[in-house]
Amino acid sequence: TVGCVVVDNEGRCAAATSTGGLMNKMTGRIGDSPLIGAGTYACDICAVSCTGEGEAIIRGTLARDVAAVMEYKGLGLQDAVDFVVKERLDEGMAGMIAVSKIGEVAYGFNTTGMFRGCATEDGYMEVGIWE
Amino acid sequence: MGRGWAIAVHGGAGVDPNLSQERQELAKQLLTRCLNLGISALRSSLSAIDVVELVVRELETDPIFNSGRGSALTAKGTVEMEASIMDGPKRRCGAVSGVSTVKNPVSLARLVMEKSPHSYLAFSGAEDFAKQQGVEMVDNGYFITEDNVGMLKLAKEANAIVFDYRMPTVGLETCSAEVGPILMNGLSISIYAPE
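Chains as they are written, first to last, in this note's numbering: chain A, 1 to 131; chain B, 1 to 195.
In structure tokens form, the structure reads like this:
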């Protein structure tokens, strides 16, 4: 699974996710990546792209929940990502990346590593795999 | 006012702890290349929706990660891809599933968002729409890599469905994670054993 989240110079957020799914999956299986609110979500607060165990991400409506706890609990972006990864996955394993309309970037995962990269206009840039 | 633009990319959660340094380096190079592609697009004032499509297309085209070329294989050894895209300001969205000849599924998802009355098309409907829209289509074999044929064989021997982050116990040369009884959707994976 691959994904990208962006907030542009005008504060507009967008998210995209694409995948081949799981190795040895049943034909016809749908994962979280195409499900809006599960693997992908963007609104006027943030944008989120998820990856990992699709069935757990779907049941946790993971991407939408990041926006929801920002909107209703007033959490900041990284706190929202940490909350959702910690509280919404049950025993599932997953990771996500997110940006907010004010130009923040965040990620979180409970798996062994996640391939990720992030950058902001003030010059911050990070590419990583492990914790 | 915000702090300006920001971008993040991912190539999948869950990595074999013993992934070789060489493959880790290849993955980081691709992530860096995609970040720089997105950064220069943002500096040229492309909109967020254009940038996410541009970057995910690059990730789909490179076989390193599980999407587009290099996608995971079904139990039948074929590729069925899916993608979605969402534009925050008006929460417009588009998604496709079960596509097997569309070179860049994320661009078809965007066309669903912009050129169809729906938000999600799947399987033959998505393929018909792709033909109608004239997107680039290739043979299913284009998406299949030798690595993944080998991975599928191991997954079948282990009677497992291989998540990005879990490897079958059978000896993948880089495999190390012991896989306990895998549950999916609360059920044991072994229900797929007949596969």
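For every residue, glycine included, the Cβ atom is placed at its ideal position computed from N, Cα and C.
Item	Value
Please return the same chain residues whose Cβ sits closer than 6 Å to the Cβ of MET151 (chain B), not counting the five positions on each side in sequence.	none
According to DSSP, is MET89 (chain A) part of a helix, a strand, or is it coil?	The amino acid occupying residue 89 (chain A) in the given sequence is Leu; Met does not appear at that position. LEU89 (chain A): coil per DSSP, three-state reduction.
Please return the same chain residues whose Cβ sits closer than 6 Å to the Cβ of SER84 (chain B), not counting the five positions on each side in sequence.	ALA95 and ALA109
Chain A beta carbons: is any one of them nearer than 8 Å to that of PHE243 (chain B)?	Summary: the structure shown does not reach residue 243 (chain B), with chain B confined to residues 1 through 195, and so no result is reported for it.
Please name the residue, chosen from A:LEU75, A:LEU22 and A:THR120, that lies closest to LYS76 (chain B) on a Cα-to-Cα basis.	A:LEU22
Any residues in the segment 39-60 of chain B with a beta carbon nearer than 8 Å to a beta carbon of chain A? Which ones, in chain order?	ILE39, LEU42, SER45, LEU46, SER47, ALA48, ILE49, VAL51, VAL52, GLU53, VAL55, VAL56, LEU59 and GLU60
With three or more C-beta pairs closer than 8 Å as the rule, is the segment 7-24 of chain A touching the segment 38-56 of chain A?	yes
Which residues, in chain order, does the segment 3-18 of chain B contribute to contact with chain A at a C-beta distance below 8 Å?	ARG3, GLY4, TRP5, ALA6, ILE7, ALA8, VAL9, HIS10, GLY11, GLY12, ALA13, GLY14, VAL15, ASP16 and PRO17
Are there three or more Cβ pairs, one per stretch, closer than 8 Å when the segment 48-63 of chain B is compared with the segment 3-10 of chain A?	yes
Please report how far the alpha carbon of PRO117 (chain B) lies from the alpha carbon of THR61 (chain B), in whole angstroms.	28 Å
Take ASN159 (chain B) as the anchor and find which of A:LEU77, A:GLU55, A:LYS25 and A:ILE129 has the nearest alpha-carbon.	A:LYS25
Compile a chain-ordered list of the residues in the segment 3-21 of chain A whose CB is closer than 7 Å to at least one CB of chain B.	GLY3, CYS4, VAL5, VAL6, VAL7, ASP8, ASN9, GLY11, ARG12, CYS13, ALA14, ALA15, ALA16, THR17, SER18, THR19, GLY20 and GLY21
Per DSSP, what kind of secondary structure is ALA155 (chain B) in: helix, strand or coil?	helix
I want to verify the contact list: residues of chain A whose CB lies under 7 Å from the CB of ASP87 (chain B), in sequence order.	ALA14 and ALA42
Could you check where the beta strand (DSSP E) with GLU82 (chain B) kicks off and where it finishes?	81-87
Out of A:GLY128, A:GLY3 and A:LYS86, state which residue places its alpha-carbon closest to the alpha-carbon of SER55 (chain B).	First, the residue type needs correcting, since residue 55 (chain B) is Val and not Ser in the sequence shown. Comparing Cα-Cα distances from VAL55 (chain B) to each of A:GLY128, A:GLY3 and A:LYS86, the minimum goes to A:GLY3.
If I follow the unbroken alpha helix (DSSP H) through ILE102 (chain A), where does it start and stop?	Counting along the chain, ILE102 (chain A) falls outside any alpha helix (DSSP H), and DSSP gives it neither H nor E.
Take ARG88 (chain A) and list the residues in its own chain whose beta-carbon comes closer than 7 Å to its own, dropping the five residues that flank it on each side.	GLY60, LEU62 and ASP65
What does the alpha-carbon distance come out to for the pair GLY113 (chain A) and ALA13 (chain B)?	6 Å
By how many angstroms is the C-alpha of ILE39 (chain B) removed from the C-alpha of THR120 (chain A)?	9 Å
Any idea if PRO63 (chain B) is buried or exposed, counting beta-carbon neighbours within 10 angstroms, 16 or more meaning buried?	buried
Hey, PHE109 (chain A) and ALA94 (chain A): beta-carbon distance below 8 Å or not?	yes
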